[in-house]
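Novice: Pasting a structure below so you can have a look.
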Amino acid sequence: MAQVPDPGRRGAPPSRPPARRRRATPEPDDRSAISTADWRRHGVRRTWRTMHVVMLIILVVWCLGPLLLLAKFAITPTQDILRTPLKIFPNGIAWDNLDKAWNDVHISKYFLNTVYVAAGSWFMQILVATTGGYVLSVLRPRWAKYINGAVLATLFVPAVVLLVPLYLIVLNPPVVGHSMLNTFWAVWLPAGASAFNVVLVSRFFDNLPREVFEAARVDGAGPFRLFRYIVLPMSKPILGVVSVFAVIASWKDFLWPLLVLQNPDLQPLSVRLPSLENTTDKGVLMAALAISTVLPIVLFLVFQRVFLRGAGLGGAVKG
821 MAQVPDPGRR
831 GAPPSRPPAR
841 RRRATPEPDD
851 RSAISTADWR
861 RHGVRRTWRT
871 MHVVMLIILV
881 VWCLGPLLLL
891 AKFAITPTQD
901 ILRTPLKIFP
911 NGIAWDNLDK
921 AWNDVHISKY
931 FLNTVYVAAG
941 SWFMQILVAT
951 TGGYVLSVLR
961 PRWAKYINGA
971 VLATLFVPAV
981 VLLVPLYLIV
991 LNPPVVGHSM
1001 LNTFWAVWLP
1011 AGASAFNVVL
1021 VSRFFDNLPR
1031 EVFEAARVDG
1041 AGPFRLFRYI
1051 VLPMSKPILG
1061 VVSVFAVIAS
1071 WKDFLWPLLV
1081 LQNPDLQPLS
1091 VRLPSLENTT
1101 DKGVLMAALA
1111 ISTVLPIVLF
1121 LVFQRVFLRG
1131 AGLGGAVKG
């Protein structure tokens, strides 16, 4: 009977370490625009990479060019803006444009008005969209399909058609009894009536796992507890998307605030800045415009991950 050599004894053959497995390199997909054989050619690969670089430069210039030009005009003297707009600070930098725009033109007050308008509009849209989507998608009463059809039908109505009836309602509300003109409520309440947000959130709620809802109901969770502790924590991606849409739409809205906020002390930047064009220095006006674009850009940069994750309307929780 053959004996197995003991590795601990002298003269035994040394044990070999296990061979490392080579990582399998993924092969290119032949269903793309260029086959694998063509991509291995130096000329084809160089041509496509050059095209990618050129397209990237065009997109960067197309998207960032106006913002960079506005940032340059914000700290450029007015004479340089009018005479040589594309030269890079031929007569120095005018940092006082920002100070004059913030203090002399009172951009700070209009900036706060815009923040108030955007914050109230955001809250109303989140409140209506989440509760409406929760009723239509999770609770699903018998009349939910009729309400869902009515909400979808309002998407085909142009917004311009609703201006006159909505203005009459704000002018003489049926329950309040006095006009809401020159109040922020005239902007906040109509902003909540967004059928698009309700449909968007309800479609997201349709993708959430029903097993979690059933387990919560078995444990004794009611409708409000289910909404507060189960549905909302699972809906952070879509809440981020609706928040970005709501704030940016409210920040750049012009027509409706112009109609209902006739008091200049309550007007946001989108309404007040065009009225200051004829009475304000060009460099100071460019500085005011640059200040008004800071918050939307910062908001998107901060919430871009949430926005991009929720843009696909995914988010079903697994596990």
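Going by the numbering used here, the sequence shown opens with residue 821, and the numbers climb by one from there.
We treat Cβ as the ideally placed atom computed from N, Cα and C, and that holds for glycine.
Classify P846 as helix, strand or coil using the three-state DSSP reduction.
Specialist: Legend: pLDDT at P846 = 45, less than 50; position of this residue unreliable, value from coordinates given subsequently. Correct three-state label for P846: coil.
Novice: How long is the line joining the alpha carbons of G1134 and D1026, rounded to whole angstroms?
Specialist: Since pLDDT at G1134 reaches only 44, below the 50 mark, its modelled position is unreliable, and no value is offered.
Novice: Between the Cα of K892 and those of R1125, V1122, V1104, spot the shortest distance and give me the residue it belongs to.
Specialist: V1104
Novice: Quick check: the stretch 892-908 against the stretch 1063-1083, are there 3 or more CB pairs under 8 Å?
Specialist: no
Novice: To the nearest whole angstrom, what separates the beta carbons of A1110 and V925, a pair I think is in contact under 8 Å?
Specialist: Not confirmed; about 13 Å, so no contact.
Novice: May I ask which residues mark the beginning and end of the alpha helix (DSSP H) holding H862?
Specialist: 862-894
Novice: On a CA-only basis, which of N923, I946, M871, R903 is nearest L1020? Give me that one, please.
Specialist: I946
Novice: Counting pairs of Cβ atoms below 8 Å between the stretch 1084-1102 and the stretch 877-886, do you hit three or more?
Specialist: no
Novice: Judging by CA-CA distance, which residue of P1010, A1069, A1066, W922 is the nearest neighbour of L988?
Specialist: P1010
Novice: What three-state label does DSSP hand F909 in the structure shown?
Specialist: In the structure shown, F909 sits in coil (DSSP, three-state: anything other than H, G, I, E or B).
Novice: Report back the beta-carbon spacing between V1018 and V948 to the nearest angstrom; my notes put them in contact at under 8 Å.
Specialist: 7 Å
Novice: Output yes or no for whether 8 Å exceeds the beta carbon distance between G1060 and F1120.
Specialist: no
Novice: Taking just the CA atoms, how far does D858 sit from A938?
Specialist: 53 Å
Novice: With distances taken from CA atoms, which of W922, F943, R1037 is nearest A1013?
Specialist: The alpha carbon of A1013 has as its nearest neighbour, out of W922, F943, R1037, the alpha carbon of F943.
Novice: Rounded to whole angstroms, what is the Cα-Cα separation between V958 and P1053?
Specialist: 15 Å
Novice: Taking all protein chains shown into account, do 16 or more other C-beta atoms lie within 10 angstroms of the C-beta of W915, making it buried, or fewer, making it exposed?
Specialist: exposed
Novice: Could you tell me whether the stretch 1035-1052 touches the stretch 950-969, using the rule of 3 or more Cβ pairs below 8 Å?
Specialist: With a cut-off of 8 Å, the stretch 950-969 and the stretch 1035-1052 count as touching, because enough Cβ pairs lie within range.
Novice: For S941, tell me which candidate among V1064, L1046, R866 has the shortest Cα-Cα distance.
Specialist: Nearest option by C-alpha distance: V1064.
Novice: Just mark T934 as buried or exposed, buried being the case when its beta carbon has 16 or more other beta carbons within 10 Å.
Specialist: buried
Novice: Check whether the Cβ atoms of W1076 and V1007 sit closer than 8 Å, and answer yes or no.
Specialist: yes
Novice: Could you tell me the alpha carbon to alpha carbon distance between R962 and L890, rounded to whole angstroms?
Specialist: 54 Å
Novice: Give the DSSP-derived three-state secondary structure of A979 in the structure shown.
Specialist: A979 falls in the helix class under three-state DSSP.
Novice: Determine the burial state of P1057: buried for a count of at least 16 other Cβ atoms within 10 Å of its Cβ, exposed for fewer.
Specialist: Buried: at least 16 other Cβ atoms inside 10 Å.
Novice: How about A921 and I927: are their beta carbons less than 8 Å apart?
Specialist: yes
Novice: Using DSSP with H/G/I as helix, E/B as strand and the rest coil, what is M1000?
Specialist: coil
Novice: Measuring CB to CB, does L975 end up less than 8 Å from A1015?
Specialist: Yes, the Cβ-Cβ distance between L975 and A1015 is below 8 Å.
Novice: Would you kindly work out how many angstroms separate the C-alpha atoms of D919 and N1002, rounded to a whole number?
Specialist: C-alpha of D919 to C-alpha of N1002: approximately 29 Å in a straight line.
Novice: Hey, I877 and W868: beta-carbon distance below 8 Å or not?
Specialist: no
Novice: I'd like the list of long-range same chain contacts for S1112, defined as Cβ closer than 6 Å, with 5 residues on each side in sequence excluded.
Specialist: Excluding residues within five positions, the ones whose Cβ falls inside 6 Å are L1089.
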